[in-house]
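The structure under discussion appears below in the form of C-alpha cells.
Number of protein chains: 2
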Amino acid sequence: MTAEREARPTGAPVRRGRGRRPADEVRAEVLAAAGALLLREGMAAFTIERVAQEAAVSKTTLYKWWPSRGTLALDGYFHAVESTLAFPDTGDIRADLTAQVRAFVRLLAGTSAGRVIAELIGQAQTDPALSAALLERYSGPRRDLAVARLRRAQEQGRLRADADPRILVDQLWGACYHRLLLPNEPLTEEFAARLVDNLLRGVAA
Amino acid sequence: MTAEREARPTGAPVRRGRGRRPADEVRAEVLAAAGALLLREGMAAFTIERVAQEAAVSKTTLYKWWPSRGTLALDGYFHAVESTLAFPDTGDIRADLTAQVRAFVRLLAGTSAGRVIAELIGQAQTDPALSAALLERYSGPRRDLAVARLRRAQEQGRLRADADPRILVDQLWGACYHRLLLPNEPLTEEFAARLVDNLLRGVAA
DNA sequence: CCATTAATGAACGCCGAGTCCATATAAGCA
DNA sequence: TGCTTATATGGACTCGGCGTTCATTAATGG
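Protein chains in written order, with the UniProt record's numbering: chain A, 1 to 205; chain B, 1 to 205.
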C-alpha cells in the first residue's frame, strides 16, 4: 500500500521503507550527505539529526557506525574533498617546501575547506574520538610526508643535520594553522613563502 | 519573614531570594564560579545552566551580560588565572625569546591552563562572539607585545631588518599552538628552545 | 523458497539553549 | 525618612538535539 516509488533526482535520497539495507549503499549516502552539509553550512549546522534527515537514514544507523559527531564529520570531509596526499621531490628543498606550504595556504584561505578544517580542529578539542581520528588520519600522515621530505634533504646535505625535521614542520604548517585559528593576521601566499625563507636563511643579523 | 541570613562559608554562594541585587556582587560570584568550573571540569561541562547553578544565579542574568557561552568562559578564565602581561627586554633578543616561549610552553603543558586555552580556541571556531573576544583580548595583545620586542631588536641591529616580526610570532608561538591543538608531537621546553634556535641561525646547510 | 539474521525507523526521556513575565528589591526623589 | 519608580531577577516554558530502546522488515544463505 505504500506507494513511494519516486525517482531520485539528485542529491536528495528518497525515504525508503524499513528493514535491512545493503551497508555500502547506506554508507555512501551518509558520507555524501555529511560532506555536502559540512561544506555548505559548516560545523554548527552539522548535527546528527540533520545528517540523518538529509541522508534519509535513521540516527540509529549513524550511532552504530560512528562514535561521535566529529568522526562522522571527518569522514564526510574526506569523502567530499578527496585529498591527494603527495609531497613531490624535485631535489630543490626550498622550492618544494615553498610550493607545498603555498598550496596549503591556498587550500585554507581560498576554499571552504579552511573553515571546515578549523571547525574540525576546534571540535576535536572536546571530542576525544575526533581528536584521535584527526591525529591518525589527517595531521599524522601529512606530518610524516613532510618530515620524510625534510629528512631526505638532510641526507643530501641541503639542510643542517642537527635540525629536527619535526620541529620545522611546526614552524611551517603550524604557523599557518595559527593564522587560521587565531586570525589576527591574514593568511596569504606571500606569508607562506616568507615562512620558508625565514627558516632557511635565519633571521639573526 | 525570610530568615535567610547565613554566613557564606567559601565558594558556595547561598541562594538569595528574588529581586534586584548589586550588579558587582553578582558579577563577581559568576566569574568566580565560571573560572572554577572551567579549570575543574573543562569546557565540556561548562554549560550556561551549570554556571548559573554553581553561582546561584539565574540564566537570565548570564544571558543579559554575556552574548555566548564562550565569552562567559573567557571572562571566567581571565578572572581565574590573573594573567600577567609582560615581555621583558634584557637587551639579549635570543635569551628573551627563549625565556618567553619556554614560559609559554610551561603554561600550556604544565598547568590546566593548556587544556582550557585549547578548548577556548576550539570553541571560538564556531562561536563568533568568542572569536572576536579572544582575538581582541587574548591573542592580539600578546602578539603585539612580542612584535614590539622583535621590532626593538631590529632597531638595535640584532635581527635582519627585512624579516617581518609578525611572521616570526607565528613561527614561534604558532608552532606551540600547533603542538597543543594537534598533539602528534610532545610540547616540551626543549622544543621551545629549538624553535628560537632554528629561526635565528637558519637551517640551510 | 523459506528461515534466520541483523539493520532499520520511529518513539521516548533527558538535558541544555534561549525567552517571557510576574515579582522583589535597589535606587531615585520628595 | 518614606514612598515611587525602574530594573535585575528567578522560575517556568518552548524548542531542538542527543542517545537509546524495541518491534519491524528486508537481505542473506541454505
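We treat Cβ as the ideally placed atom computed from N, Cα and C, and that holds for glycine.
Just so we're clear, the structure is a prediction, and the values are computed from it rather than from any experiment.
Residues near residue i in its chain [Cβ-Cβ closer than 6 angstroms; skip 5 each side]
{"i": "A/Glu4", "result": "Interpretation of A/Glu4 is limited by its pLDDT of 30, a score under 50 that renders its predicted location unreliable; no figure is taken from the coordinates."}
{"i": "B/Ala12", "result": "Residue placement at B/Ala12 cannot be trusted, given a pLDDT of 42 that sits under 50; the coordinates are not used to answer."}
{"i": "B/Tyr63", "result": "none"}
{"i": "B/Leu97", "result": "Val196"}
{"i": "A/Arg143", "result": "Val169"}
Residue i, DSSP secondary structure in three states
{"i": "B/Leu168", "result": "helix"}
{"i": "B/Ala12", "result": "Because the pLDDT of B/Ala12 is 42, which lies under 50, any placement of that residue in the model is unreliable, and the number read from its coordinates should be weighed accordingly. Reduced to three states, the DSSP call for B/Ala12 is coil."}
{"i": "B/Leu159", "result": "strand"}
{"i": "B/Ala204", "result": "strand"}
{"i": "A/Val57", "result": "coil"}
{"i": "B/Arg20", "result": "coil"}
{"i": "B/Asn184", "result": "coil"}
{"i": "B/Ser68", "result": "coil"}
{"i": "B/Gly91", "result": "coil"}
{"i": "A/Phe46", "result": "coil"}
{"i": "A/Ser83", "result": "coil"}
{"i": "B/Asp127", "result": "coil"}
{"i": "A/Thr111", "result": "coil"}
Where residue i meets chain A, residues with beta-carbon distance less than 8 angstroms
{"i": "B/Gln125", "result": "Met43, Ala118, Glu119, Ile121, Gly122, Gln123 and Leu181"}
{"i": "B/Leu135", "result": "Leu182, Pro183 and Asn184"}
Listed by chain order, chain A residues near residue i by CB distance under 9 angstroms
{"i": "B/Ser83", "result": "Going along chain A, no residue has its Cβ under 9 angstroms from B/Ser83, so there is no contact; the nearest lies around 16 angstroms."}
{"i": "B/Arg194", "result": "Ala163, Asp164 and Ile167"}
Residues of its chain near residue i, where Cβ-Cβ distance is below 8 angstroms and the 5 sequence neighbours each way are ignored
{"i": "B/Leu38", "result": "Phe46, Ala73, Gly76, Tyr77, Ala80 and Val116"}
{"i": "B/Met43", "result": "Ala73, Val116, Glu119, Leu120, Gly122 and Gln123"}
{"i": "B/Thr10", "result": "Here B/Thr10 scores only 33 on pLDDT, less than 50, and its place in the model should not be relied on; the value that follows carries that caveat. Nothing meets the Cβ criterion."}
{"i": "B/Arg27", "result": "Trp65"}
Reference residue i, options the options, closest by Cα
{"i": "A/Ile167", "options": "B/Gln171, B/Pro165 and B/Asp164", "result": "B/Gln171"}
{"i": "B/Gly70", "options": "B/Arg27, B/Pro128 and B/Arg194", "result": "B/Pro128"}
{"i": "A/Gln154", "options": "A/Ala56, A/Gly91, A/Arg40 and A/Glu189", "result": "A/Gly91"}
{"i": "B/Phe104", "options": "B/Leu130, B/Ala146 and B/Glu185", "result": "B/Ala146"}
{"i": "A/Leu85", "options": "A/Ser139, A/Glu189, A/Ala32 and A/Asp197", "result": "A/Ser139"}
{"i": "B/Leu187", "options": "B/Ala23, B/Arg40, B/Ala109 and B/Gln125", "result": "B/Ala109"}
{"i": "A/Leu130", "options": "B/Arg194, B/Leu134, B/Arg152 and B/Pro183", "result": "B/Pro183"}
{"i": "residue 226 of chain B", "options": "B/Ser112, B/Glu25 and B/Ser68", "result": "Nothing about residue 226 of chain B can be reported from this structure: the residues present for chain B run from 1 to 205 only."}
{"i": "A/Trp66", "options": "A/Val101, A/Ala133 and A/Arg143", "result": "A/Ala133"}
{"i": "B/Glu41", "options": "A/Thr126, A/Ala161 and A/Ser68", "result": "A/Thr126"}
{"i": "A/Thr61", "options": "A/Arg158, A/Cys176 and A/Pro22", "result": "A/Pro22"}
{"i": "A/Gln156", "options": "A/Glu82, A/Asp89 and A/Asp24", "result": "A/Asp89"}
{"i": "B/Leu135", "options": "A/Glu185, A/Ala99 and A/Arg151", "result": "A/Glu185"}
{"i": "B/Val101", "options": "B/Glu25, B/Asp24, B/Cys176 and B/Arg27", "result": "B/Cys176"}
Under 7 angstroms by beta carbon: chain B residues contacting residue i
{"i": "A/Glu185", "result": "Arg166"}
{"i": "A/Ser139", "result": "Leu182 and Asn184"}
{"i": "A/Val203", "result": "Leu159, Arg160, Ala163, Leu168, Leu199 and Leu200"}
{"i": "A/Phe191", "result": "Ile167"}
Neighbour list for residue i in chain A, Cβ cutoff strictly below 7 angstroms
{"i": "B/Asp170", "result": "Ala175, His178 and Arg179"}
Beta-carbon separation (whole angstroms), residue i vs residue j, contact threshold 8 angstroms
{"i": "A/Val51", "j": "A/Glu29", "result": "About 10 angstroms; that fails the 8 angstroms criterion."}
{"i": "B/Gly202", "j": "A/His178", "result": "With 8 angstroms as the limit, B/Gly202 and A/His178 do not qualify as a contact, their Cβ atoms being about 21 angstroms apart."}
{"i": "B/Asp87", "j": "B/Arg149", "result": "Before going further, note that residue 87 of chain B is Phe rather than Asp in the sequence given. That pair is a contact at about 5 angstroms."}
{"i": "A/Leu200", "j": "B/Ala193", "result": "Actually they do not touch by this definition, with Cβ atoms about 20 angstroms apart."}
{"i": "A/Arg106", "j": "A/Glu189", "result": "7 angstroms"}
{"i": "B/Asn198", "j": "A/Ala163", "result": "6 angstroms"}
{"i": "A/Leu159", "j": "A/Ile93", "result": "6 angstroms"}
Spatial neighbours of residue i in its chain, beta-carbon cut-off 7 angstroms, leaving aside the 5 residues before and after
{"i": "B/Arg33", "result": "At residue 33 of chain B the sequence reads Ala, which differs from the Arg that was named. Excluding sequence neighbours, B/Ala33 sits near Val51, Glu54 and Ala55."}
{"i": "A/Lys59", "result": "Ile48, Glu49 and Ala52"}
{"i": "B/Pro141", "result": "Leu85"}
{"i": "B/Leu180", "result": "Leu108, Gly114, Ala118 and Leu187"}
Under 9 angstroms by beta carbon: chain B residues contacting residue i
{"i": "A/Arg143", "result": "Leu182, Asn184 and Glu185"}
The ligand COA heavy atom lying under 7 angstroms from the CB of residue i
{"i": "B/Ala73", "result": "Looking for the ligand COA in the displayed structure turns up nothing, as the structure carries no ligands at all."}
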